[in-house]
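First the structure, in the form of structure tokens, and then the observations on it.
Numbering (this note's numbering), first residue to last: 1 to 417.
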């Protein structure tokens with residue numbers, strides 16, 4: 001898989017790198033006090049510098065998802081800084097890694113030492129569980145574009161996510177499996193908050209339709225052998241098999257095929273759904289999968305690749321959670337502008353409002369458009385590329401879209417709905 005290749009890996013992820021061109025200009029300032037509306041209703045201009053951290057995977061089992069998310073972050077930062085509408089982003093990026101290489105341990109310390117007050121990440125629910133208390137204790141607003149574990153609903157006032165809970169994705173996938181006519185199901189899943197959350201949601205939904213989960217088998221992150229799990233599933237002869245994993249799917253799928261499982265009746269999830277092409281040595285035609293997010297416009301995809309390849313990286317071969325990462329940055333910048341502050345707690349108080357949670361905002365779809373509303377004394381309601389977002393009382397996005405995809409003969413996907 002192509003993940004974080006080229007000069008950007010060396011320049012950005014070999015430790016910590018400052019990549020905002022505005023860093024020199026803003027080195028001596030942080031923010032002005034909260035601005036009060038004038039008698040005419042317009043807020044005085046503010047000049048805020050938001051020190052934003054990004055903790056996303058360049059290495060480890062989720063590395064192939066790091067590139068689209070990092071590109072989404074950088075694209076949003078570029079647009080915010082170019083708008084010159086009251087907030088300048090000073091971005092510092094770091095490698096999340098995974099539970100095996102533990103890159104996040106050094107990275108989160110370095111990010112906190114840089115003085116960040118807001119952070120995009122982590123990508124993995126397991127990593128977020130390990131770093132969230134420290135971030136909250138430091139007053140850092142943490143927004144993940146891809147944490148889907150149900151455990152995170154309402155976990156901390158300084159934590160938000162732009163991806164929906166696994167409860168929703170599991171429901172969509174479980175219903176899709178039943179809709180496709182399968183009566184029995186086997187599930188292989190990774191034993192962590194992400195994997196167990198999705199496993200439980202898929203199982204309960206599928207069984208609620210009258211289907212039967214005839215076998216399930218788990219594995220731990222870092223495992224390299226999956227023969228025992230595959231043998232257990234294959235022995236039960238299910239109509240279909242759901243695989244809840246990250247890049248381990250590339251190893252698991254051929255094993256399932258060799259064990260006699262129909263690799264055209266596999267069901268994937270957001271952690272492993274991508275255009276696998278020749279990276280998987282079996283034919284996946286007919287298999288399906290789910291991924292959060294609305295269908296993305298081509299101009300956004302083109303801009304992502306333009307940002308990513310500008311540093312010599314290979315084109316992005318997966319777009320999972322790119323829009324959610326982009327929206328996370330836009331929302332944090334808007335919350336800072338609305339609060340007149342770059343302190344984590346102040347921004348957190350405005351996150352619900354700028355996402356439309358107050359129901360009184362004016363709809364807008366770009367940072368510049370929303371910033372004009374806020375600077376004019378109004379309330380912005382940002383609808384993003386990932387959907388309407390609108391954070392609920394648990395800081396989860398309401399009404400998120402879940403797409404269903406199908407693999408063709410070339411092991412690439414087409415969105416069905």
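All C-beta atoms in this analysis are idealised placements derived from N, C-alpha and C, irrespective of residue type, glycine included.
Whole angstroms is fine: what's the gap from residue i's alpha carbon to residue j's?
i, j, result
"residue 415", "residue 355", "27 Å"
"residue 342", "residue 370", "17 Å"
"residue 47", "residue 85", "8 Å"
"residue 119", "residue 142", "5 Å"
"residue 367", "residue 271", "29 Å"
"residue 359", "residue 399", "15 Å"
"residue 87", "residue 201", "40 Å"
"residue 397", "residue 173", "19 Å"
"residue 406", "residue 285", "8 Å"
"residue 41", "residue 377", "Because the pLDDT at residue 41 is just 41, under 50, the model does not fix this residue reliably, and the value given afterwards should be weighed accordingly. In a straight line, the C-alpha of residue 41 is about 5 Å away from that of residue 377."
"residue 144", "residue 325", "8 Å"
"residue 128", "residue 223", "21 Å"
"residue 51", "residue 140", "10 Å"
"residue 43", "residue 336", "Note that residue 43 scores 47 on pLDDT, short of 50, meaning its location in the model is unreliable; the coordinates nonetheless yield the value given after this. For residue 43 and residue 336, the distance between alpha carbons rounds to 14 Å."
"residue 372", "residue 338", "11 Å"
"residue 82", "residue 58", "27 Å"
"residue 107", "residue 100", "14 Å"
"residue 315", "residue 309", "6 Å"
Output the boundary residues of the beta strand (DSSP E) element that contains residue i.
i, result
"residue 54", "48-56"
"residue 160", "159-161"
"residue 355", "Note, residue 355: premise wrong, no beta strand (DSSP E); not H, not E."
"residue 217", "212-219"
"residue 244", "240-244"
"residue 421", "Any answer about residue 421 is impossible in this case: the structure gives the chain only from 1 up to 417."
"residue 381", "380-382"
"residue 267", "266-268"
"residue 288", "288-292"
"residue 120", "118-121"
"residue 90", "87-95"
"residue 407", "402-407"
"residue 414", "413-415"
"residue 186", "184-190"
Taking 9 Å as the threshold (C-beta atoms), are residue j and residue i in contact?
i, j, result
"residue 321", "residue 293", "yes"
"residue 319", "residue 301", "yes"
"residue 244", "residue 187", "yes"
"residue 162", "residue 346", "no"
"residue 132", "residue 116", "no"
"residue 351", "residue 64", "no"
"residue 205", "residue 171", "yes"
"residue 211", "residue 166", "no"
"residue 281", "residue 253", "yes"
"residue 73", "residue 91", "yes"
"residue 240", "residue 266", "yes"
What is the C-beta distance between residue i and residue j, in whole angstroms, given that I count them as a contact (C-beta under 8 Å)?
i, j, result
"residue 98", "residue 53", "No, residue 98 and residue 53 are not in contact; Cβ-Cβ is about 18 Å, not under 8 Å."
"residue 389", "residue 380", "Their Cβ separation, rounded to whole angstroms, is 12 Å, which puts residue 389 and residue 380 out of contact at 8 Å."
"residue 103", "residue 114", "In fact, because the Cβ distance is near 16 Å, the residues do not count as touching under 8 Å."
"residue 317", "residue 363", "Actually they are not in contact, since the Cβ atoms of residue 317 and residue 363 sit about 33 Å apart, beyond 8 Å."
"residue 261", "residue 217", "The Cβ separation is near 13 Å, so there is no contact."
"residue 185", "residue 230", "The Cβ separation is near 15 Å, so there is no contact."
"residue 71", "residue 307", "5 Å"
"residue 410", "residue 277", "7 Å"
"residue 68", "residue 256", "Between residue 256 and residue 68 the Cβ distance is about 27 Å, and since that is not below 8 Å, they are no contact."
"residue 361", "residue 353", "7 Å"
"residue 55", "residue 111", "6 Å"
Could you give the residue range of the alpha helix (DSSP H) that holds residue i?
i, result
"residue 504", "Absent from the model: residue 504. The displayed extent of the chain is 1 to 417, so no value can be given."
"residue 393", "Run containing residue 393: none; DSSP gives neither H nor E here."
"residue 151", "Unbroken run through residue 151: none, as it is neither H nor E."
"residue 278", "Segment: none, residue 278 is in no alpha helix (DSSP H) and carries neither H nor E."
"residue 208", "193-208"
"residue 448", "Because the chain in this structure spans residues 1 to 417, residue 448 falls outside the shown range and cannot be described."
Specify whether the segment 124-139 and the segment 249-268 touch according to this definition: at least 3 beta carbon pairs, one from each stretch, less than 8 Å apart.
Result no; under three Cβ-Cβ pairs closer than 8 Å.
Is there contact here, the segment 142-159 with the segment 182-202, by at least three beta-carbon pairs under 8 Å?
Yes, they touch.
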